[in-house]
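For the record, the sequence lines run as chains A and B.
Letter by letter, the first sequence follows residues 0 to 292 in numbering that gives the first Met the number 0.
Letter by letter, the second sequence follows residues 0 to 231 in numbering that gives the first Met the number 0.
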Amino acid sequence: MNGSVILQQFLTGISLGGAYALIAIGYTMVYGILRMINFAHGDIFMMAGYFMIFSMAVFPWYVSIPVTLAGTVLLGVVIERVAYRPLRTAPRMSVMISAIGVSYLLQNLATYIFTAIPMAYPSIPFLKQIFQFGSVSASLVTLVTPVLTIVLVIALMQIINHTKAGMAMRAVSKDMETAQIMGISVDKTITYTFIIGCLLAGVGSILYFTDRMTVYPYSGSLPGLKCFVAAVIGGIGSIPGAVVGGFLIGISETVLVSLGYSTFSDAFTFILLIVFLLFRPTGIFGEKATEKV
Amino acid sequence: MLKITDLCVNYGGIEAVRNISFEVPDGKIVTLIGANGAGKSTTLRTIIGLVKAKEGSINLDGEELLGRSTTVIVSKGITLSPEGRHMFPDMTVLENLKIGAYLRTDDLNEDIERMYELFPILKSRKWQAAGTLSGGEQQMLAVARALMCHPKILMMDEPSLGLAPKIVRQIFEIIKKINEQGTTILLNEQNANMALQAADYAYVMETGRITMSGTGKELLRDSSVKKAYLGL
Ligand SMILES: Nc1ncnc2c1ncn2[C@@H]1O[C@H](COP(=O)(O)OP(=O)(O)O)[C@@H](O)[C@H]1O
Ligand SMILES: [Mg+2]
């Protein structure tokens, strides 16, 4: 393998990793605040793919992107209202089962409405531009993804550490009752969390599917699981952890594929999960023991 | 005035508060004393809306608060410094003060300075994570954080719990000072001696009921209170 091939694979790896990181943040933030795994998150990401297909059929890309993001956010907020909020005082296991239900509901709904036949993902012309550096060529999306991921993560950390809404999120995730005594509305804060998680999943979806070219009703399930693993490996509840986990999985997957082990690459993600659960269950950035789910 | 009438609170089958009535007049210090498990914390947590009452009324200046959300109740001017202090341990002292004023939109600097005057130790620790403060310092911060929302009524749940006698005296001096500056105080205490000395009016709670009431001085002299709560 020569230098340019390695560089090429590296670019592909960090690009895939960036998309994974954006999705993993949604898992980790919802876990941080509700102590539950939002199993429907991968399917929200899949629905974002369909939203883009249908809005691109009507609007130019610069209108379709905000429409897709708004639709994704709306879907996430509605799911929280209808399927999770009524269970706020129920045991956590009930909320988690509800999330699994929502996941299957979205997959089946997508199959029913859009059929199981993969639909072509529209190409956004400017993201598809090809760049040539010596013998390495890459489409713009490959370069944009990791950069955009880093920019969004920095912006997110600013929001969390330096705004009132961010302060409310930190307070609710640490001590829900005391946060309420401060006058913080737990419901509103949880809604903000879903808005941010779904917005990032929407961006991740556009970047991911632009490189994959098709969407089908189960498009979200494997990437969703991998991003959940990324969040666990990084230390669930930790945003930097989710980003590192996302890049780690994206890069290792790409490396394995390029070495010819493409059938093994998915299994590897789960081996990584098991190894972490055995030897470092709190993940890379996790401090306190994560609760059993 | 805060007026509690016929309040009943259950946890599943446990009747934690059974039909209690009491008043907290403006500008006064009122205390609930009683043994562990008597229902004092439940009473305060119900007033602030964290626990749902089975029946009764919680009336602030003519307005019914029962069934309102904690956010609304706090915005009406009632706050709670909870049992066990409950700092946000990863936030700095300054952030803990700011979060106490979460519902306010005006400038906080003047009030933050006022808290530093009231609790000088907090000024020197303002960049320190609250979780690293000592118990007494955390209690000071808990009181300061509660005051940041400009409450009409400050409820304190066992502020002296686990603190050295010297610190307890400091805390009670601060309670009196805050009260003199115009804040009404509703105080839960197991330390009956200190609480009765500070209080204008006191209620004794036993297994969810109010069994006795009177001015602080009256109860300090009462023989059954002396025997049960003052260890005399
Ligand atoms: N969250 C809860 N769930 C069930 N029972 C509770 C809960 N909190 C308090 N209790 C019970 O209610 C009663 C009153 O408790 P509490 O209000 O904490 O008393 P105090 O503050 O006077 O010590 C006790 O019997 C206690 O065990
Ligand atoms: Mg108590």
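All C-beta atoms, glycine included, are put in the ideal place defined by N, C-alpha and C.
Give a yes or no on whether the C-beta atoms belonging to residue i and residue j are separated by under 8 Å.
i, j, result
"L219/B", "M211/B", "no"
"V77/A", "T190/A", "no"
"P216/A", "A47/A", "no"
"N187/B", "L6/B", "no"
"T213/A", "A119/A", "yes"
"L68/A", "I43/A", "no"
"G38/B", "G207/B", "yes"
"I238/A", "V152/A", "yes"
"F50/A", "T71/A", "yes"
"G33/B", "E205/B", "yes"
"P24/B", "T78/B", "no"
"I235/A", "L272/A", "no"
"L96/B", "T69/B", "no"
"L255/A", "F269/A", "no"
"L162/B", "G134/B", "yes"
"A227/B", "C148/B", "no"
"G41/A", "G223/A", "yes"
"T209/A", "L126/A", "yes"
Against chain B, with Cβ distances strictly below 8 Å, would residue i count as a contact?
i, result
"A229/A", "no"
"S184/A", "yes"
"A170/A", "yes"
"Q296/A", "No information on residue 296/A is available, as it lies outside the stretch 0 to 292 that chain A covers here."
"M156/A", "no"
"G166/A", "Correcting the residue identity first, residue 166/A is Met in this sequence and not Gly. Cβ-Cβ to chain B under 8 Å: yes for M166/A."
"E176/A", "yes"
"K225/A", "no"
"T289/A", "Model confidence at T289/A stands at a pLDDT of 42, short of 50, so the residue's coordinates are unreliable; what they give is reported in the following sentence. Answer no: the Cβ-Cβ gap between T289/A and chain B never drops below 8 Å."
"V292/A", "Because V292/A sits at a pLDDT of 34, beneath the cut-off of 50, its placement in the model cannot be relied upon, and the point is left open."
"K173/A", "yes"
Please name the residue, chosen from the options, that lies closest to residue i on a Cα-to-Cα basis.
i, options, result
"E252/A", "Q179/A, M92/A and I13/A", "I13/A"
"A15/B", "K216/B, T4/B, T45/B and D25/B", "T45/B"
"A198/B", "K75/B, G76/B, E179/B and D106/B", "E179/B"
"I47/B", "G61/B, L132/B, V73/B and K53/B", "V73/B"
"E136/B", "M154/B, L117/B, H149/B and I152/B", "L117/B"
"M35/A", "T162/A, P280/A and M92/A", "M92/A"
"Q127/B", "I120/B, K151/B and V92/B", "V92/B"
"G240/A", "T192/A, S122/A, Q106/A and M156/A", "M156/A"
"G130/B", "D89/B, D221/B and R113/B", "D89/B"
"L102/B", "A167/A, D174/A and L258/A", "A167/A"
"D265/A", "C226/A, G282/A and F284/A", "C226/A"
Report, in whole angstroms, the separation of the C-beta atoms of residue i and residue j, which I expect to be a contact under 8 Å.
i, j, result
"V135/A", "L221/A", "Actually they do not touch by this definition, with Cβ atoms about 28 Å apart."
"Y200/B", "K27/B", "6 Å"
"A229/A", "A23/A", "4 Å"
"G16/A", "G245/A", "5 Å"
State yes or no: is the beta carbon of residue i nearer than 8 Å to at least one beta carbon in chain A?
i, result
"E63/B", "no"
"T183/B", "no"
"E94/B", "yes"
"H149/B", "no"
"V73/B", "yes"
"Y228/B", "no"
"P24/B", "no"
"I98/B", "yes"
"P81/B", "yes"
"Y101/B", "yes"
"D156/B", "no"
"I47/B", "yes"
"A15/B", "no"
"T91/B", "no"
"F87/B", "yes"
"T30/B", "no"
Are there any heavy atoms of ligand 2 lying less than 7 Å away from the beta-carbon of residue i, as far as the coordinates show?
i, result
"S40/B", "yes"
"D210/A", "no"
"E205/B", "no"
"N190/B", "no"
"E176/A", "no"
"E217/B", "no"
"N160/A", "no"
"D156/B", "yes"
Do residue i and ligand 1 come close, with the Cβ less than 7 Å from some heavy atom?
i, result
"G33/B", "yes"
"I13/B", "yes"
"Y228/B", "no"
"A37/B", "yes"
"Y202/B", "no"
"Y103/A", "no"
With a cut-off of 8 Å, does the C-beta of residue i fall near any C-beta of chain D?
i, result
"F118/B", "Judged by its chain identifiers, the structure shown contains no chain D, and its protein chains are A and B."
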